[in-house]
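Residue numbers (the numbering used here), protein chains in the order written: chain A, 87 to 312; chain B, 87 to 312. Below you'll find the structure, written out as structure tokens, and then a few comments.
Protein chains: 2
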Amino acid sequence: MGDTTPRYTILIVDDEVRMRRVIADYLRIKDFRTIEASDGVEALEQFHREHPDLVLLDVMMPRMNGWEVCKEIRRVSQTPILMLTAKSEEDDELLGFELGADEYIGKPFSLKILSARIEAVLRRHTDTDDPALSLSLLRVDPLAREVYVDNMRVELTYTEFELLSYLMANKGIALSRDKILDGVWQYDYCGDARTVDTHIKKLRSKLGEAGEMIKTIRGIGYKFEA
Amino acid sequence: MGDTTPRYTILIVDDEVRMRRVIADYLRIKDFRTIEASDGVEALEQFHREHPDLVLLDVMMPRMNGWEVCKEIRRVSQTPILMLTAKSEEDDELLGFELGADEYIGKPFSLKILSARIEAVLRRHTDTDDPALSLSLLRVDPLAREVYVDNMRVELTYTEFELLSYLMANKGIALSRDKILDGVWQYDYCGDARTVDTHIKKLRSKLGEAGEMIKTIRGIGYKFEA
DNA sequence: AGTATTTGCCGAAATTTTGATAAAATGAAA
DNA sequence: TTTCATTTTATCAAAATTTCGGCAAATACT
Numbered sequence: 087m088g089d090t091t092p093r094y095t096i097l098i099v100d101d102e103v104r105m106r107r108v109i110a111d112y113l114r115i116k117d118f119r120t121i122e123a124s125d126g127v128e129a130l131e132q133f134h135r136e137h138p139d140l141v142l143l144d145v146m147m148p149r150m151n152g153w154e155v156c157k158e159i160r161r162v163s164q165t166p167i168l169m170l171t172a173k174s175e176e177d178d179e180l181l182g183f184e185l186g187a188d189e190y191i192g193k194p195f196s197l198k199i200l201s202a203r204i205e206a207v208l209r210r211h212t213d214t215d216d217p218a219l220s221l222s223l224l225r226v227d228p229l230a231r232e233v234y235v236d237n238m239r240v241e242l243t244y245t246e247f248e249l250l251s252y253l254m255a256n257k258g259i260a261l262s263r264d265k266i267l268d269g270v271w272q273y274d275y276c277g278d279a280r281t282v283d284t285h286i287k288k289l290r291s292k293l294g295e296a297g298e299m300i301k302t303i304r305g306i307g308y309k310f311e312a
Numbered sequence: 087m088g089d090t091t092p093r094y095t096i097l098i099v100d101d102e103v104r105m106r107r108v109i110a111d112y113l114r115i116k117d118f119r120t121i122e123a124s125d126g127v128e129a130l131e132q133f134h135r136e137h138p139d140l141v142l143l144d145v146m147m148p149r150m151n152g153w154e155v156c157k158e159i160r161r162v163s164q165t166p167i168l169m170l171t172a173k174s175e176e177d178d179e180l181l182g183f184e185l186g187a188d189e190y191i192g193k194p195f196s197l198k199i200l201s202a203r204i205e206a207v208l209r210r211h212t213d214t215d216d217p218a219l220s221l222s223l224l225r226v227d228p229l230a231r232e233v234y235v236d237n238m239r240v241e242l243t244y245t246e247f248e249l250l251s252y253l254m255a256n257k258g259i260a261l262s263r264d265k266i267l268d269g270v271w272q273y274d275y276c277g278d279a280r281t282v283d284t285h286i287k288k289l290r291s292k293l294g295e296a297g298e299m300i301k302t303i304r305g306i307g308y309k310f311e312a
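As structure tokens, then:
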């Protein structure tokens with residue numbers, strides 16, 4: 087099984103080296119490529135550099151805990167997230183789902199079960215989403231505030247960047263101009279709705295072919311679609 | 087061959103004296119200058135004192151292991167790193183590359199192969215990278231609190247040094263003025279955000295061409311980029 | 001006194017917004 | 001189906017605003 091190309095890349099985030107090692111070794115046998123991060127900040131860096139297909143996220147971590155990382159990833163990506171936690175309390179689980187985690191596993195867990203869940207989540211995801219498209223054509227790095235289209239750097243202004251982030255965070259949802267104004271421009275900014283149009287236009291032109299991911303919903307507003 | 091000036095300085099980091107000696111002897115024949123360190127902490131000290139052209143790094147070491155040293159060096163420098171390890175496991179290699187190592191050699195190795203790899207890495211580095219720019223342009227020695235631009239010492243004030251360190255520690259991340267104020271001036275110092283601008287300006291002018299590594303992110307703040 | 005740091009102000013440049021106009025889509029009527 | 005009127009969106013350019021960098025004065029620190 088070792089000579090095939092890994093099907094998916096999995097980012098393992100845990101502050102304990104031994105835990106990471108155990109999981110990584112097992113997943114590699116199962117033909118996954120693994121990358122690791124030992125805390126939240128590093129996790130986000132790795133995430134943006136490697137664009138893993140799934141993130142295994144420990145909750146208890148220094149610097150930035152799992153919930154925060156989860157939230158931050160969800161701001162720009164639909165990448166499946168599987169949360170790991172020592173306490174298997176119900177409200178933790180609830181919080182996890184609220185923040186956008188796809189699965190939730192309480193420690194201790196068997197590696198067999200872990201990999202089964204991973205398979206399930208990935209299957210669920212690849213059925214619906216198109217991984218090749220959103221992954222390679224348009225890439226947004228919120229930490230560096232950089233945007234790449236087809237691996238080429240695109241310079242966006244402050245508002246353009248915020249607007250794109252907002253649209254992507256609400257991928258697949260038709261947003262009215264008012265909602266967009268509320269979301270991107272702070273607290274009930276009283277501006278013309280045409281302002282949104284203008285920025286959408288600039289975004290589309292700067293994003294080139296990726297600009298077509300911003301759809302016009304007539305009578306409503308706009309929608310981002312992968 | 088002994089009368090020529092050594093082309094490059096190589097820092098050999100290994101806790102075994104005999105191993106260091108064997109490698110050093112051979113590399114000296116190959117016309118390299120060698121310096122040595124027996125553990126991670128010493129390695130960092132030597133690194134900052136001597137600014138070697140390449141680091142040979144053993145993974146298994148007391149006090150601070152090779153991965154940590156590698157990571158620490160990468161925080162402030164692009165100097166080529168060649169990792170040495172006894173276990174020739176795949177994941178070690180992966181981790182090494184993730185952390186920024188340039189090459190990876192499993193023990194035991196032949197000295198011939200080792201020096202060939204060293205030559206290759208050095209050649210690669212001086213070819214592809216703009217050596218005058220990324221490699222030796224800006225060097226920060228946090229222990230000595232010294233900064234070198236193009237190998238010329240630059241005197242920075244306390245705040246300037248802190249600011250530069252903070253920016254470099256968060257390389258590639260767009261930082262708001264508030265974040266910078268928090269990070270450099272600690273404990274929610276309530277100062278004008280323009281203060282940051284002024285210090286950035288001074289830093290840029292003192293750093294000369296290296297000052298261009300400090301990018302302005304309009305509407306946000308600043309970002310350090312190698 | 002002599003640095004180092006902070007603050008205020010101004011002009012240049014970049015960005016955002018506005019307003020006017022053209023283009024496109026929609027739906028109803030011919 | 002075609003035409004026409006209406007509504008909605010796209011485009012463009014100019015005005016208004018914001019932001020940043022530089023300068024210099026004021027303040028703090030040694």
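Here a beta-carbon is modelled for each residue, glycine too, at the ideal position from N, C-alpha and C.
Proximity to A:Leu142 across A:Glu131, A:Cys156, A:Arg290 and A:Lys309 peaks at A:Cys156, based on C-alpha coordinates.
Counting the other Cβ atoms within 10 Å of the Cβ of A:Gly305 gives fewer than 16, which makes it exposed. At the C-beta level, A:Lys198 and A:Leu170 stay beyond 8 Å of one another. If you draw a straight line from the Cα of A:Leu250 to the Cα of B:Leu113, it is about 53 Å long. Using a CB distance below 9 Å, the part of the stretch 293 to 307 of chain B facing chain A consists of Ile303, Arg304, Gly305 and Ile306, ordered along the chain. Apart from the 5 residues on each side of it in sequence, B:Glu205 has no Cβ closer than 6 Å to any other Cβ in its chain. In this structure, the beta-carbon distance from A:Met147 to A:Asp125 falls below 8 Å.
Burial check for A:Gly258: the Cβ neighbour count within 10 Å stays below 16, so the residue is exposed. Rounded to the nearest angstrom, the gap between the Cα atoms of B:Asp283 and A:Thr165 is 37 Å. Taking 8 Å as the threshold, the shortest C-beta distance from B:Gly258 to chain A falls below it.
Excluding residues up to 5 positions away in sequence, Ala260, Lys301 and Ile303 lie with their Cβ nearer than 6 Å to the Cβ of A:Lys309 in the same chain. By DSSP's assignment, A:Tyr308 forms a beta bridge with A:Leu261 and A:Thr302. Straight-line measurement puts the Cα of B:Asp117 at about 51 Å from the Cα of A:Val145. Interface with chain B (8 Å Cβ-Cβ cutoff): A:Arg104 is excluded. Neighbours of A:Ala230 across chain B, judged by C-beta separation under 8 Å: Gly258, Ile259, Ala260 and Lys309. Within chain B, no C-beta atom comes less than 7 Å from the C-beta of A:Tyr190; the nearest is roughly 26 Å away. Taking the Cα of B:Thr95 as reference, the smallest distance to any Cα among B:Glu102, B:Ala110 and B:Asn151 is reached at B:Ala110. When C-alpha distances from A:Pro228 are compared across A:Gly294, A:Arg161, A:Glu298 and A:Ala123, the shortest belongs to A:Arg161. Per DSSP, B:Asp278 is not a residue of any beta strand (DSSP E), being assigned neither H nor E. With respect to the C-alpha of B:Leu224, the residue from B:Ala279, B:Glu311, B:Val270 and B:Thr281 having the closest C-alpha is B:Glu311. Per the C-alpha coordinates, the member of B:Arg119, B:Ala123, B:Arg93 and B:Ile115 positioned closest to B:Glu102 is B:Ala123. One thing to note: A:Gly307 has its Cβ no nearer than 8 Å to the Cβ of A:Arg280. The residue from A:Leu289, A:Asp139, A:Asn151 and A:Glu246 with its alpha-carbon nearest to that of A:Asp188 is A:Asp139. Between A:Gly294 and A:Val235 the beta-carbon gap is near 6 Å, inside 8 Å, which marks them as a contact. Across the structure, B:Glu248 and B:Arg203 are spaced so that their CA atoms are roughly 37 Å apart. The beta carbon of A:Glu131 is closer than 8 Å to those of Ala123 and Leu229 in its chain, skipping five residues each way along the sequence.
Judged by DSSP in its simplified three-state form, B:Ala187 adopts coil rather than helix or strand. With a 10 Å radius around the Cβ and a threshold of 16 neighbouring Cβ atoms, B:Tyr190 comes out buried.
When rounded, the separation of the alpha-carbon atoms in B:Ser291 and B:Ile115 is 43 Å.
The beta-carbon separation of A:Leu242 and A:Val207, rounded to 32 Å, does not stay under the 8 Å limit for a contact.
Rounded to whole angstroms, the gap between the alpha carbons of B:Leu289 and B:Ile266 is 14 Å. In the DSSP assignment, A:Val127 falls outside any beta strand (DSSP E) and lies within the alpha helix (DSSP H) extending over Gly126 to Glu136. Boundaries cannot be given for B:Leu242, as no beta strand (DSSP E) includes it and DSSP labels it neither H nor E. In this structure, the straight-line span from the alpha carbon of A:Glu298 to that of A:Ile286 is close to 11 Å. Per DSSP, reduced to three states, the secondary structure at B:Thr284 is helical.
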